[in-house]
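S.K.:
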Amino acid sequence: MSPYKYSTLAVHAGQSPDPQTGAVNVPVYLSSTFELTGIGTDRGWDYSRAGNPTRDALETALAALEGGTSGHAFTTGMAAIAALVAMLKAGDHVVCSRDVYAGTVRLFDQIVSGYGIQIEYVDTSDLKAVEKAMRPNTKLVHIESPSNPLMVLTDIAGVAKIAHAGGAEVSVDNTFLSPALQSPLALGADIVMHSTTKYLNGHSDGLGGALIGSKPEHKDRFLLVQKAAGGVMSPFECFLVLRGIKTLPLRIKQHEENGRAVAEYLSTHPKVSKLAYPGLKSHPQYELACRQQKGFGSMMSFELKSRDEAARFLSTIKIFINAESLGGVESLASHSATTTHGSVSEEVRQSMGINEGRIRLSIGIEDKEDLIADLEQALAAV
Ligand SMILES: Cc1ncc(COP(=O)(O)O)c(C=O)c1O
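Residue numbers for the sequence shown, in our numbering: 42 to 423.
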């Protein structure tokens, strides 16, 4: 347990001044290989797929921010999820939140299930449904809270209790809140996963993913996957994420302030329905959000009446950018049915409650009054 508080860790964890030069930033070690000091001896690194000093710094920082024992950085968030399920074998059963990122469903259904691993999608906001889905061969319960784009929460501590009683581990995709606003390991989860592409990098200029484990066997396992399967984050991307992490606490404060202001504005707008934002008292899981999160984040979604209205809105916004992704300094708006959930059949989308008018917002760190004025003029055009 570190004696330091969060903002201090964000600036310093894994990032002591360079012992040789005194540089206060971790150098970008653009070296695929490292000189050995003899036969079978080295200075800590031999080949960058197995380990790289810049990646080590980022992995130490990630473990500190999530309160884990080891961090592991991958090329993308999807590569991190692929590494997570690489700990499973044929015949294992996975319980997965029904509302996860559609890319996770694509990976599970089109690749992982082909390895003989059974994936079962469950509404994990319903603990009874999780309990019912558990089988003797359930090895992993993978959840995303809040979910995308409907912002449905899963009680992480509740799921952890059920999963552990059944001998399974719990992994949490913590991308939507970042370690600044939710600590799944402290709530009882075993592994945290991130798309660092989002809030951790924070500037929409790189792709990356991470796993943070809580046990020594996670470290052994994920180091093996990094070395054996590759898919590791490049030193330059590691530097960008390290740089992003230093301002994470500050950025998140502004994301949060803007997120609340925009949600309050949208909540009274006559053209907006089914606004999903856990920071509103009207959100059915507001109390759970207060209990398990340290803030409400800056992701939300709402419905317009039709695909035409959504298209009109997206072509009229000026500051918000019509783009996929989230967690960057700039505000983004996207049409869920054709972007994040474009690979999901219409039938499944309907059953999930994602209709053709659903718009997802990632609120950036611009001036909140400008953001609200932009939404006002775009909604007026609808
Ligand atoms: C919640 C969530 N998890 C995982 C991913 C995948 O991350 P990446 O795009 O870095 O592979 C995304 C991407 O949008 C996401 O939103």
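Ideal Cβ positions, reconstructed from N, Cα and C, are used throughout, including at glycine.
Quick one: is Asp59 buried, meaning 16 or more other Cβ sit within 10 Å of its Cβ, or exposed?
M.R.: In the sequence shown, counting from the first residue as 1, residue 59 sits at position 18. Counting the other CB atoms within 10 Å of its CB gives Asp59 a total below 16, which places it among the exposed residues.
S.K.: Does DSSP put Asp426 in a helix, a strand or coil?
M.R.: Residue 426 lies beyond the stretch modelled for the chain, which goes from 42 to 423, so this question has no answer here.
S.K.: Alpha helix (DSSP H) containing Phe263: first to last residue?
M.R.: On the sequence shown, residue 263 is found 222 positions in, with the first residue counted as 1. From DSSP, the alpha helix (DSSP H) with Phe263 extends over 257 to 270.
S.K.: Would you kindly report the start and end of the unbroken beta strand (DSSP E) that includes Arg399?
M.R.: The residue labelled residue 399 in the question sits at position 358 within the sequence shown. It spans 399 to 403 - the beta strand (DSSP E) in which Arg399 sits, taken as one unbroken run.
S.K.: Mark Gly398 as exposed unless 16 or more other C-beta atoms lie within 10 angstroms of its C-beta, in which case mark it buried.
M.R.: For the purposes of this step, residue 398 is identified with residue 357 of the sequence shown, where counting begins at 1. Buried: at least 16 other Cβ atoms inside 10 Å.
S.K.: Indicate the three-state DSSP secondary structure (helix, strand or coil) for Lys180 in the structure shown.
M.R.: Sequence index remark: in the sequence shown, residue 180 carries index 139 (1-based). In the three-state reduction of the DSSP assignment, Lys180 falls in the strand class, which pools E and B.
S.K.: Would you decide whether Ser356 is buried or exposed? Buried here means 16 or more other CB atoms lie within 10 Å of its CB.
M.R.: Residue numbering aside, residue 356 sits at position 315 when the sequence shown is read from its first letter. Of the other Cβ atoms in all chains shown, fewer than 16 fall within 10 Å of the Cβ of Ser356; this residue is therefore exposed.
S.K.: Comparing the CB of Asp196 with every heavy atom of ligand 1, is any distance shorter than 6 Å?
M.R.: Sequence index remark: in the sequence shown, residue 196 carries index 155 (1-based). Not so, every heavy atom of ligand 1 lies at least 6 Å from the Cβ.
S.K.: Determine the burial state of Val65: buried for a count of at least 16 other Cβ atoms within 10 Å of its Cβ, exposed for fewer.
M.R.: What you label residue 65 is simply residue 24 of the sequence shown in a count that begins at 1. Val65 comes out exposed.
S.K.: So, under 8 Å CB-CB, Ala378 and Ile395 are touching, yes? Tell me the CB distance rounded to an integer number of Å.
M.R.: What you label residue 378 is simply residue 337 of the sequence shown in a count that begins at 1. What you label residue 395 is simply residue 354 of the sequence shown in a count that begins at 1. With a Cβ gap of about 6 Å, Ala378 and Ile395 count as contacting.
S.K.: Helix, strand or coil: how does DSSP classify Phe217 here?
M.R.: For this step, residue 217 is matched to residue 176 along the sequence shown. Looking at Phe217 - three-state DSSP - the assignment turns out to be coil, as it is neither helix nor strand.
S.K.: Looking at the secondary structure, which residues open and close the beta strand (DSSP E) in which Val163 lies?
M.R.: As a working mapping, residue 163 is identified with position 122 in the sequence shown. Where Val163 is concerned, the enclosing beta strand (DSSP E) stretches over 159 to 163.
S.K.: Shortest alpha-carbon distance to Glu161 belongs to which of Gln151, Met175, Asp167?
M.R.: Here residue 161 refers to the residue found at position 120 when the sequence shown is read from its first residue. Selected option, being the one with the closest Cα: Met175.
S.K.: Whose C-beta lies closer than 6 Å to the C-beta of Ser111 among residues of the same chain, with five residues either side of it excluded?
M.R.: On the sequence shown, residue 111 is found 70 positions in, with the first residue counted as 1. If we look at Ser111 and ignore the five residues flanking it on each side, its Cβ neighbours are Ala104, Gly254, Lys260.
S.K.: For ligand 1, is there a heavy atom less than 6 Å away from the beta-carbon of Thr165?
M.R.: Residue numbering aside, residue 165 sits at position 124 when the sequence shown is read from its first letter. Checking the Cβ of Thr165 against ligand 1 gives no.
S.K.: Below 8 Å on the Cβ atoms is my contact criterion, and I expect Pro190 with Ser342 to pass it. Report the Cβ-Cβ distance as a whole number of Å.
M.R.: Indexing the sequence shown from 1 puts residue 190 at position 149. Indexing the sequence shown from 1 puts residue 342 at position 301. Separation of the CB atoms of Pro190 and Ser342 is rounded to 4 Å, and the pair is thereby assigned contact status at 8 Å.
S.K.: Would you identify the three-state DSSP class for Met192, choosing helix, strand or coil?
M.R.: Working through the sequence shown from its first residue, we reach residue 192 at position 151. Note: Met192 maps to coil in three-state DSSP.
S.K.: Would you report the Cα separation of Gly369 and Phe217, rounded to the nearest angstrom?
M.R.: To locate residue 369, count along the sequence shown from 1; it is residue 328. To locate residue 217, count along the sequence shown from 1; it is residue 176. Rounded to the nearest angstrom, the two C-alpha atoms are 11 Å apart.
S.K.: Kindly indicate the opening and closing residues of the alpha helix (DSSP H) around Glu173.
M.R.: For the purposes of this step, residue 173 is taken as the residue at position 132 of the sequence shown. For the sequence presented, residue 173 should be read as Lys rather than Glu. 168 to 174 is the extent of the alpha helix (DSSP H) around Lys173.
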